[in-house]
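Q:
2 protein chains.
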Amino acid sequence: MTMLRPVRAGNAFEETVERLLQAIKLGVVPPGEKLPPERELAVQLGISRVTLREAIRALQDAGFLEVRRGRYGGAFVTYQAPAPGTGDLKRVIADMGTDDLADALTFRMAVECGAAQVLAVMELTQEQRDTLSRRLEELNRACPEDYRRLDTAFHLSIAELTGSPLLAAACADARMRVGDLLNAIPMLQVNIDHAAAQHAAIVTAILGGDPEAARRAVAEHLDGTAALLRGFLS
Amino acid sequence: MTMLRPVRAGNAFEETVERLLQAIKLGVVPPGEKLPPERELAVQLGISRVTLREAIRALQDAGFLEVRRGRYGGAFVTYQAPAPGTGDLKRVIADMGTDDLADALTFRMAVECGAAQVLAVMELTQEQRDTLSRRLEELNRACPEDYRRLDTAFHLSIAELTGSPLLAAACADARMRVGDLLNAIPMLQVNIDHAAAQHAAIVTAILGGDPEAARRAVAEHLDGTAALLRGFLS
DNA sequence: GATTAATGGGCTAGTGTTAGACCATTGAGG
DNA sequence: CCTCAATGGTCTAACACTAGCCCATTAATC
Chain A
-14 MTMLRPVRAG NAFEETVERL LQAIKLGVVP PGEKLPPERE LAVQLGISRV TLREAIRALQ
46 DAGFLEVRRG RYGGAFVTYQ APAPGTGDLK RVIADMGTDD LADALTFRMA VECGAAQVLA
106 VMELTQEQRD TLSRRLEELN RACPEDYRRL DTAFHLSIAE LTGSPLLAAA CADARMRVGD
166 LLNAIPMLQV NIDHAAAQHA AIVTAILGGD PEAARRAVAE HLDGTAALLR GFLS
Chain B
-14 MTMLRPVRAG NAFEETVERL LQAIKLGVVP PGEKLPPERE LAVQLGISRV TLREAIRALQ
46 DAGFLEVRRG RYGGAFVTYQ APAPGTGDLK RVIADMGTDD LADALTFRMA VECGAAQVLA
106 VMELTQEQRD TLSRRLEELN RACPEDYRRL DTAFHLSIAE LTGSPLLAAA CADARMRVGD
166 LLNAIPMLQV NIDHAAAQHA AIVTAILGGD PEAARRAVAE HLDGTAALLR GFLS
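So the sequences go chain by chain: A and B.
Under this note's numbering, the first residue of the first sequence carries the number -14, and numbering increases by one thereafter.
Under this note's numbering, the first residue of the second sequence carries the number -14, and numbering increases by one thereafter.
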């Protein structure tokens, strides 16, 4: 039964590695930038410094981070998102398993549509409206290497603007789970143009206070990804 | 930032107590019934038997469980949901804090609407359609002491039928967080009739494959709860 | 009444995790 | 060049959690 599912996903070390890895892959910490200091980050993640260091060490060994000592040192991100190509997609899908893949896509569809709908119903301050518009603009002006990162930022800001940490966390989790997938999808100009139109429709619906349209726009947008995948699965 | 939020909610003992408590309060394990055997439950929850026993002990001390030894023994639920009244509501709200309250309600609105929408889009087997209809019937025939439990079962089955464990877990989590609230809300016949009509609308929309209507029906239904609360908050 | 299988109760040794202190290194600025 | 503050590196003692084992109790069944 759903209610008696596992209390914890794994041990602290594994979960920490996963979290940091996804923060890196999603560009929350861009290449060349460094993670917060260990003592600070350990507090944010709610774990001990020892465990955090083990995780950082693992990511260093795997080539995602470069750790430098001394003042102005830190754990610097060396990972660069690979140039999107179709070659990796099948491997990524195989790595996830089709069940987990469907689960992640369904989950993402539900929470992102829900977030957009909720946000569209809310009365937004001018500042909130500006934030949303700004994220959209930044995404539209993005150069290819920044695109994924800003796309993530745009999608997550919808959830964050609802003011619900639980919802923001759920959307971040959903995004994490499809992160590898998105990185492996080829990024053609047609796709980008298409996505841009859909992003604009989402923002318009939210700012216009139309939850139906917001829900529909997000659903269509995410369906695009799902359709692309179905193409590669068959 | 959202991505660097805590990796774990608390220690295993606390999380386990919380989980079991909510399973009891939501009627997943009805009064008089017993929890699964310790060895089995520990595996399901992904914790050691020692930790589970500590949690059970705590709930026993708090009067929610009665543990009996020997064959056919087990941890029996003694907790009976209190007769709903307005007296407790303010205390429950005060216990949660208004921020957490708003967070939980927003989160629930998003994930339950998302689940209904997703389910409405899916092609359902006859068995799935029957399950949904059956849950609705059971709820409509429920006697007062079973109402909350069957209401929970109905709502959760929407998420479970999507086939996404992540989504089901999110909805269960959302329901957990508003569980005390729902138990404290007075259950008048008008409210029940109103809810029944909304439940029927939800099922109709889902079985009819209309995601817009499904989303709207769930939103209206949950807004009812929120409106009731706003009444008590002012 | 004896047997027995299912269950909770309790112990131990080992591993995971934490908090906190202290050391080592580095680069900026005096 | 020296100093210093911010940072990673390391250690230790305590606590949390786990796996596995065996014991104690109980009620159905023979």
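A virtual CB, placed ideally from N, CA and C, is assigned to each residue, including glycine.
Using a beta-carbon distance cut-off of less than 8 Å, what residues from the region 9 to 38 of chain B approach chain A?
A: Under the 8 Å Cβ criterion, the region 9 to 38 of chain B contributes Leu11, Val13, Pro21, Leu26, Gln29, Leu30, Gly31, Ile32.
Q: Closer than 8 Å by beta-carbon distance: list the chain B residues that pair up with methionine 81 of chain A, in chain order.
A: Ordered by position in chain B, no residue passes the 8 Å Cβ test against methionine 81 of chain A, which lies about 13 Å from the chain.
Q: Would you report the Cα separation of alanine 103 of chain B and proline 129 of chain A, rounded to the nearest angstrom?
A: Before going on, a small fix: residue 103 of chain B reads as valine here, not alanine. The straight-line gap from Cα to Cα measures roughly 32 Å.
Q: Which of helix, strand or coil does DSSP assign to valine 13 of chain A?
A: Valine 13 of chain A falls in the coil class under three-state DSSP.
Q: Suppose only complete runs of 4+ residues qualify. What are the alpha helix (DSSP H) ranges in the region 11 to 83 of chain B, listed by chain order?
A: Qualifying alpha helix (DSSP H) stretches, in chain order: 23 to 30, 34 to 46, 72 to 81.
Q: Could you give the uninterrupted runs of the beta strand (DSSP E) lying entirely in the region 74 to 137 of chain A, keeping only those of 3 residues or more?
A: Fully enclosed beta strand (DSSP E) runs of 3 or longer: not present.
Q: Short of 7 Å in beta carbon distance, which residues of its chain neighbour valine 77 of chain A, apart from the five on each side in sequence? Order them along the chain.
A: Once the five neighbours on either side are set aside, the close Cβ partners of valine 77 of chain A are Asp165, Leu166, Ala169.
Q: If I follow the unbroken alpha helix (DSSP H) through threonine 189 of chain A, where does it start and stop?
A: That run of the alpha helix (DSSP H) goes 174 to 192.
Q: Under a three-way DSSP split, which group does isoleucine 143 of chain B fall into?
A: In this structure, isoleucine 143 of chain B counts as helix in the three-state DSSP scheme.
Q: Just how far apart, CA to CA, sit glutamate 23 of chain A and asparagine 176 of chain B?
A: Roughly 53 Å between the two C-alpha positions.
Q: How would you list, in chain order, the residues of chain B whose beta-carbon sits under 7 Å from the beta-carbon of leucine 152 of chain A?
A: Going along chain B in sequence order, the residues near leucine 152 of chain A (Cβ under 7 Å) are Thr91, Phe92, Ala95.
Q: Can you round the beta-carbon distance between alanine 159 of chain B and valine 106 of chain B to whole angstroms, since I take them to be within the 8 Å contact cut?
A: Not quite, the Cβ-Cβ distance comes to about 20 Å (not below 8 Å), so this is no contact.
Q: Give the straight-line distance between the Cα atoms of proline -9 of chain A and isoleucine 187 of chain A, rounded to the nearest whole angstrom.
A: Straight-line Cα distance between these residues: approximately 36 Å.
Q: Where do the ends of the alpha helix (DSSP H) carrying alanine 155 of chain B lie?
A: Segment 150 to 169, the alpha helix (DSSP H) holding alanine 155 of chain B.
Q: Would you check if the distance between the CB atom of alanine -3 of chain B and the CB atom of arginine -7 of chain A is smaller than 8 Å?
A: Cβ distance < 8 Å, so alanine -3 of chain B and arginine -7 of chain A count as in contact.
Q: Which residues of chain B have a Cβ atom closer than 7 Å to the Cβ of threonine 147 of chain A, listed in chain order?
A: Within chain B, the residues near threonine 147 of chain A are Thr91.
Q: Return yes when the Cβ of alanine 27 of chain A is within less than 8 Å of the Cβ of serine 33 of chain A, no when it is not.
A: A contact, by the Cβ cut-off of 8 Å.
Q: Could you tell me how far apart the beta carbons of leucine 152 of chain B and alanine 202 of chain B are, in whole angstroms, since I believe they sit closer than 8 Å?
A: Incorrect: roughly 18 Å between the Cβ atoms, too far for contact.
Q: List the whole-angstrom C-beta distance separating alanine 157 of chain B from methionine -12 of chain A, where the pair is believed to meet the contact cut-off of C-beta under 8 Å.
A: Correct: roughly 6 Å between the Cβ atoms.
Q: Just to make sure I have the definition right: I need the residues of chain A whose C-beta is within less than 7 Å of the C-beta of glycine 194 of chain B. Which are they?
A: Ordered by position in chain A, no residue passes the 7 Å Cβ test against glycine 194 of chain B, which lies about 14 Å from the chain.
Q: Using a cut-off of 9 Å between C-beta atoms, extract the partners of glutamine 102 of chain A located in chain B.
A: Here the neighbours are Met94, Ala95, Cys98, Gly99, Gln102, Arg200, Ala204.
Q: Hey, out of B/Ala190, B/Leu146, B/Leu6, B/Glu197, whose CA is closest to threonine 63 of chain B's CA?
A: The residue with the shortest Cα to Cα distance from threonine 63 of chain B is B/Leu6.
Q: Cβ of glutamate 108 of chain B less than 8 Å from any chain A Cβ?
A: By this cut-off, glutamate 108 of chain B is not an interface position.
Q: Does lysine 10 of chain A pass the burial test, meaning 16 or more other C-beta atoms within 10 Å, or should it be called exposed?
A: Classification of lysine 10 of chain A: buried, given that the 10 Å Cβ count is 16 or more.
Q: Hey, out of A/Gly59, A/Pro150, A/Glu108, A/His184, whose CA is closest to phenylalanine 139 of chain A's CA?
A: Nearest option by C-alpha distance: A/His184.
Q: Could you give the DSSP three-state label for alanine -3 of chain B: helix, strand or coil?
A: Note: alanine -3 of chain B maps to helix in three-state DSSP.
Q: Take every Cβ of the region 141 to 152 of chain B, pair it with every Cβ of the region 81 to 90 of chain A, and state whether three or more of those distances are shorter than 8 Å.
A: With the cut-off at 8 Å, the region 141 to 152 of chain B and the region 81 to 90 of chain A touch.
Q: Just the chain A side, please: which residues come within less than 9 Å of leucine 167 of chain B by C-beta, in chain order?
A: The contacting residues do not exist; leucine 167 of chain B stays about 15 Å from chain A at best.
Q: Measure the C-alpha to C-alpha separation of glycine 55 of chain A and isoleucine 143 of chain A and round it to an integer number of angstroms.
A: Looking at the two C-alpha atoms, the distance is approximately 38 Å.
Q: Checking contacts by CB at 8 Å: is threonine -13 of chain A closer than that to chain B?
A: Yes, because at least one Cβ of chain B sits closer than 8 Å to the Cβ of threonine -13 of chain A.
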